[in-house]
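Here's the structure we're looking at; comments come further down.
In my numbering, the protein residues as written are 285 to 971.
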């Protein structure tokens, strides 16, 4: 009887698949990549048309020896690594390392680890797709060229152990640019004016907001403008001039892609992108479920497609009809594919068996696995359900030429919200005022003005950064989590209360990259490279053409940077702080957490201490110097040198200049000084 060998990436996946294939199949895991570019050198022969030099990854020797023995015993070898570019490349590396011949080896892929999918893939075995391999190979080579060419310059400039990357450096720049926007943002004052009306025949008052004057949109920008409006409204007679009743629908959400899953898991479950992907990998590869054995619970987790197989679509609709009723089943698929390149061989992320509800398998999952599975299951089922429907009403009230508007909505059909709703889904806003008509008498109870200030752009979170990277076409589903993990691990960025903040080290690295390698950190350039990788996958561009065009510009930039960076290399700055241990003047050095004071007598004297950089401003509370400090995670702020006795602190740089309005502290915002007290709102030009 013939013997077949199936090679997958992970032991968990091997265990799940073995169960489906029976005694004639041996399933072994390669534990990911088996060969790669060497760590000790560039590994790309620039003189020989950029030929990569692959070597066996250290520690894989015994595993490969075992695989070679199994290959000799097998009549047929199936390479069943993940169904994406990287998986295709792993299969190709395996075929080269194990010296597999085309006639006795085949590539198989499946989007879900189910019995039907795995058996069907063997019937549809194919050759390795070299376009996919070349696309992944190009990405790896470009990333290696950038990392190995630029990182040594960062070591020389700042400190050893830093790194630059084709995608990570752009992600860092995006976060830095947002930080600059926030720091330069000057708030603008505005006022809202709400009117509280009593309507004849209605118990509840109606709250309406001032929106226009003489049919032109009105924005009140100061207290003086507000007082003018209030004066003109004195003694005004109010009447209802328009009532609109209607219905609106809220469409069901699309099933998850990698990006949207990471965003939603971050928002609703407070999971990091790396945690989401780790848990999703476990759900995909297989979990031992009571009364079912080991099964894959979700489809492949790296995808930018929202397509659903016909079989899964029918199963979901049947499940909804049976459990919620025919009225809840969507008439047709909701949403269209985006125009950008997607790997359409994949489906969206969905449960492999819709009938396995989260509650049914809860006891077989860890708490975190359950929460993620529940999110994926609910989102998929919701995507096959009808829209939610609301009854709406909007009312316009006029008085002395001013227009006030009020609107309300009431949920009249839950639709998809029966299984899936978010914080933005308001089930009911307010009473619908059924008896309201244009003849209804209107009396003003009170006018309620409130002062506001425009807010700066929000700091990036992991979720919003993933969304931005996807919108800009930077990276692909498999790159978002490792990119964010890297910039956090390098301490270029820190995470506090979900927000991402740039550290002093991150600012230094970003400034060097912008100065010396503007194209590498250019968003459009990086996005264009992604589209070229897609063209390699399509077979419309030869992979070496991309590398040939990329390398000369990178080489020229590196040569120029080596010369210019030597001129601006940071030397240790001597201070007037005396080392208590040896009497030398201490110097300022850069470490992984930013600047610190160190004795120049290292290694004989190893004395170090925090560096508190004075900014030339006195503390408004106690009169001592304000210094630059950092939180435990590395985020910069300004505080008194007498901390903790003096508690003064601000995120923005304070000024010696006092607020001309309230005599309070002014902080720098771009080219302006802004009072730290929002209620004051004073803004003056910086001297």
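Where is the CB? At the ideal position from N, CA and C, for every residue including glycine.
C-alpha gap between residue i and residue j, whole angstroms
i           : j           : result
residue 332 : residue 446 : 30 Å
residue 751 : residue 435 : 27 Å
residue 864 : residue 889 : 10 Å
residue 825 : residue 814 : 13 Å
residue 683 : residue 531 : 28 Å
residue 724 : residue 524 : 7 Å
residue 625 : residue 574 : Caution applies to residue 625, whose pLDDT of 44 falls short of 50 and renders its modelled position unreliable; the model cannot decide the point.
residue 395 : residue 367 : 7 Å
residue 628 : residue 421 : The pLDDT assigned to residue 628 is 45, lower than 50, so where the model puts this residue is not dependable, and the model offers no usable value.
residue 537 : residue 384 : 45 Å
residue 703 : residue 551 : 18 Å
residue 675 : residue 691 : 11 Å
residue 375 : residue 412 : 7 Å
residue 867 : residue 549 : 54 Å
residue 857 : residue 885 : 14 Å
residue 417 : residue 818 : 12 Å
residue 348 : residue 382 : 8 Å
residue 494 : residue 679 : 12 Å
residue 900 : residue 786 : 23 Å
residue 557 : residue 547 : 8 Å
residue 337 : residue 323 : 11 Å
residue 380 : residue 578 : 32 Å
residue 688 : residue 470 : 29 Å
residue 958 : residue 907 : 20 Å
residue 640 : residue 745 : 33 Å
residue 621 : residue 590 : Caution is warranted here: a pLDDT of 45 is assigned to residue 621, below 50, making its placement in the model unreliable, and no coordinate value can be reported.
6 Å CB neighbourhood of residue i in its chain, flanking five on each side removed
i           : result
residue 320 : 341
residue 770 : 452
residue 623 : In this predicted model, residue 623 has a pLDDT of only 42, less than 50, meaning its place in the structure is not dependable; the value taken from the coordinates is given anyway. So the list is empty, once near-sequence residues are dropped.
residue 304 : 399, 402
residue 476 : 734
residue 913 : 921, 923
residue 468 : 954
residue 909 : 898, 925
residue 760 : none
Residue nearest to residue i in terms of C-alpha spacing, selected from the options
i           : options            : result
residue 275 : 964, 672, 681      : Past the boundaries of the shown model lies residue 275; the chain is included only from 285 to 971, so the question cannot be answered.
residue 670 : 378, 604, 735      : 604
residue 809 : 478, 738, 830      : 830
residue 838 : 805, 822, 870      : 805
residue 287 : 414, 353, 578      : 353
residue 346 : 360, 318, 356, 470 : 318
residue 463 : 950, 755, 935      : 935
residue 969 : 939, 946, 777, 961 : 939
residue 612 : 699, 491, 869, 947 : 699
residue 328 : 478, 387, 307, 429 : 429
residue 362 : 491, 407, 508, 338 : 407
residue 774 : 790, 324, 782      : 790
residue 946 : 961, 937, 957, 915 : 961
residue 651 : 883, 372, 555      : 555
residue 597 : 570, 904, 539      : 539
residue 638 : 665, 645, 649      : 665
residue 919 : 794, 949, 798, 788 : 788
residue 334 : 541, 492, 519, 833 : 833
Cβ neighbours of residue i in the same chain (closer than 7 Å, five flanking residues each side left out)
i           : result
residue 615 : none
residue 730 : 480
residue 823 : 415
residue 504 : 474, 475, 477, 510, 513
Bridge-paired residues (DSSP) for residue i
i           : result
residue 801 : Partner(s): none; residue 801 has no beta bridge.
residue 639 : Answer is none; residue 639 lacks a bridge partner.
residue 921 : 913
residue 902 : 909
Spatial neighbours of residue i in its chain, beta-carbon cut-off 8 Å, leaving aside the 5 residues before and after
i           : result
residue 292 : 298, 301, 311, 312, 313, 314, 364, 365
residue 370 : 420, 762
residue 642 : 654, 657, 658, 661, 662
residue 860 : 869
residue 720 : 483, 486, 524, 527, 677, 679
residue 827 : 418, 419, 421, 422, 820
Residue i beta carbon near the ligand GDP (any heavy atom closer than 7 Å)
i           : result
residue 654 : Within the structure as shown, the ligand GDP is missing, as the structure has no ligands at all.
request  = Ignoring anything shorter than 3 residues or poking outside the segment 539-580, list the beta strand (DSSP E) runs there in chain order.
outcome  = 571-573, 577-579
query = Whole beta strand (DSSP E) runs in the segment 685-711 with 3 or more residues, listed along the chain?
reply = 686-697
ask   = Enumerated in chain order, which unbroken segments of the beta strand (DSSP E) with a length of 3 residues or greater are wholly contained in the segment 336-411?
value = Taking only runs of at least 3 residues, the beta strand (DSSP E) segments lying wholly in the segment 336-411 are 360-363, 389-391.
inquiry  = To test your reading of the DSSP string, which unbroken beta strand (DSSP E) runs of 3 or more residues are found completely within the segment 475-522?
reply    = 490-497
ask   = Hey, which unbroken runs of the alpha helix (DSSP H) at 4 residues or more fall wholly within the segment 814-878?
value = List check, alpha helix (DSSP H) in window: 827-851.
ask   = Which full runs of the beta strand (DSSP E) of 3+ residues lie inside the segment 755-800, going along the chain?
value = 777-780, 783-786
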